[in-house]
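Residue numbers (the working numbering): 134 to 270. Quick notes on the structure that follows.
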């Protein structure tokens, strides 16, 4: 099992605006979200299969606590409440399926994959994928 713990700085981002479009976020909010999310600060604490992930931007901070294999409460990228379940896809990759609590919307998920001191975060909404690459500070 890989050690995801550390402080992470975003190196690149692809398709974030397209992801927000797929989630139904309007143009004005997409511009604000895109600017705010252009330089996120991510802190990950890990104790075995227990994770704490804090993501801070100039507009908001999100925190999630979860244990691999146990359902937890979370919000989608666009702020809708969901039930999430994270599982190991490989020894260095976590896959998390999200299920909306209320209403309909695209099928969403995220993955986090560790390769040395690089972390690849993928957000998905139906067939639209956003890829963000982070480096360990």
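Just so you know, even glycine gets a beta-carbon here, dropped at the ideal spot from N, CA and C. Please read all numbers here as calculations on a predicted model, not as lab measurements.
Item: Residue 249 burial status per 10 Å Cβ neighbour count (16 or more: buried); Value: exposed
Item: Pairwise C-alpha distance: residue 234 and residue 269; Value: 33 Å
Item: Residue 163 - containing alpha helix (DSSP H), residue span; Value: 160-169
Item: Contacts around residue 152, its chain only, beta-carbon distance under 6 Å, and the 5 residues preceding and following it disregarded; Value: 256, 258, 261, 263
Item: Own chain partners of residue 186 with C-beta closer than 6 Å, once the 5 adjacent residues on each side are dropped; Value: 177, 197
Item: Pairwise C-alpha distance: residue 246 and residue 172; Value: 19 Å
Item: 6 Å Cβ shell around residue 218 - same chain, five flanking residues per side excluded; Value: 204, 230
Item: Beta-carbon proximity list for residue 195, same chain, < 6 Å, skipping 5 on both sides; Value: 188
Item: Range covered by the alpha helix (DSSP H) that runs through residue 153; Value: 149-155
Item: Residue 241, enclosing beta strand (DSSP E) - first and last residue; Value: 241-248
Item: Of the residues 206, 244, 143, the one placed nearest residue 232, counting alpha carbons only; Value: 206
Item: Three-state secondary structure assigned by DSSP to residue 197; Value: strand
Item: Contact under 8 Å by Cβ, residue 158 with residue 211; Value: yes
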